[in-house]
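Below is one structure, written out as structure tokens, with a few remarks after it.
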Amino acid sequence: MAFDVLLVDDHKIMRDGIKAILSRGEEFRVVGEAENGTDAVQSVKRLRPDLVLMDIGLPGLNGVETTVEILRHHPDCKIVILSMYDDENSVVGAIRSGARAFILKKASDTDLLEALRVVARGGAYLSPQVSDRLLTRIQKGDLESHPAPSSLSVLSPRELQVLRMVAEGKTSKEIAVMLDLREQTIRSYRKTMMKKLGVNNVAGLTQLALSTGLTHLPRGQAATNDSD
Amino acid sequence: MPKSSETDRKLEHAGKVLHDDIGPLLSGAGLRLQLLRMDFPETAESVREVTETLDQAIDRVRALSQELKPSPFAGRKTSSRSRA
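Chains as they are written, first to last, in my numbering: chain A, 1 to 228; chain B, 1001 to 1084.
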């Protein structure tokens, strides 16, 4: 019996290419496609796929945040992260979020299929290029983990997620839609974070998020949703 | 807006386009090549050569986009439709 797969990538050329590769065999069946994280969360609820093959760099909720959201509702869903790049933050972030595999977009069709097979059987998989690089870095002793910056360590993972979105200028309503929560719940998170961090407004939250490296904003794109 | 800020903004935009658009297009082209090899095994050697060239291009795009737009994973796309 084929495993049901949901494809999540905002580039149609990627979705079409992967779909074509999977359609060459009978092991996997693409049951749905999504262009962004929010749609992916909804599609998983509706389609209950065995596997989700997802780009890490999605608009809105990124692939890591979407993984967290999907697994919060469907812990049995197996998620494979696709990435153009093998930078440490992406790899570690994806694995910490609960993804079962991390593969590079430039991986061969053989690697892609092998990753899906391994994960479908309950295993885990890293692209050979990724595992080689990690191994080298571990052996050299220069692989550092990046826990939440100390001043933000009082926040829960969910609060960190909301803080990053607030700092990027998203309104409570927008965040609520993305995380499938009530707007009032997001407002409550904001109040709690302000209390925990000892700041009085969104500007203070944004400044902390930027100064600790939790998020990066292009110049001139500061959060302005103080009255939200 | 001061000239330097305008230049910074343009460089950031260039980095974003490289990372969010050019890179994925190159990756998509790579996938298409894989399909070509699957359907026409006799093209395997040619596909391998072109794939190596594409990989080099992807690596160079990566290096330049990170230089222009640090921490691409932390940076977010606005929406797929709003990108240049």
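Cβ atoms here follow ideal geometry from the backbone N, Cα and C, with glycine treated the same way. Nothing here was measured: the structure is a model prediction, and the numbers come from that model.
C-beta contact flag for residue i and residue j at 8 Å
i	j	result
residue 59(A)	residue 9(A)	no
residue 66(A)	residue 41(A)	yes
residue 190(A)	residue 166(A)	yes
residue 193(A)	residue 159(A)	yes
residue 117(A)	residue 26(A)	no
residue 1034(B)	residue 95(A)	no
residue 63(A)	residue 55(A)	yes
residue 1065(B)	residue 1023(B)	yes
Distance, residue j Cα to residue i Cα
i	j	result
residue 131(A)	residue 50(A)	25 Å
residue 1052(B)	residue 108(A)	11 Å
residue 195(A)	residue 179(A)	22 Å
residue 205(A)	residue 4(A)	41 Å
residue 172(A)	residue 183(A)	6 Å
residue 152(A)	residue 198(A)	11 Å
residue 1011(B)	residue 211(A)	22 Å
residue 46(A)	residue 1062(B)	36 Å
residue 73(A)	residue 1037(B)	39 Å
residue 1040(B)	residue 1054(B)	19 Å
residue 120(A)	residue 61(A)	25 Å
residue 1047(B)	residue 202(A)	52 Å
residue 122(A)	residue 68(A)	18 Å
residue 231(A)	residue 1019(B)	In the structure displayed, chain A extends from 1 to 228; residue 231(A) sits before or after that span and is not available.
Status (buried if at least 16 other CB within 10 Å, exposed otherwise) for residue i
i	result
residue 161(A)	buried
residue 200(A)	exposed
residue 57(A)	buried
residue 135(A)	exposed
residue 12(A)	exposed
residue 35(A)	buried
residue 140(A)	exposed
residue 176(A)	buried
residue 39(A)	buried
Neighbourhood of residue i by C-beta distance below 8 Å, restricted to the same chain and skipping five residues each side
i	result
residue 16(A)	none
residue 1057(B)	1026
residue 127(A)	86, 102, 103, 104, 107, 111 and 115
Option nearest residue i by Cα separation, candidates the options
i	options	result
residue 83(A)	97(A), 106(A) and 98(A)	106(A)
residue 101(A)	87(A), 78(A) and 214(A)	78(A)
Beta-carbon proximity list for residue i, same chain, < 6 Å, skipping 5 on both sides
i	result
residue 71(A)	98
Residues near residue i by beta carbon distance below 7 Å, same chain, minus five either side
i	result
residue 7(A)	15, 18, 19, 30, 33 and 53
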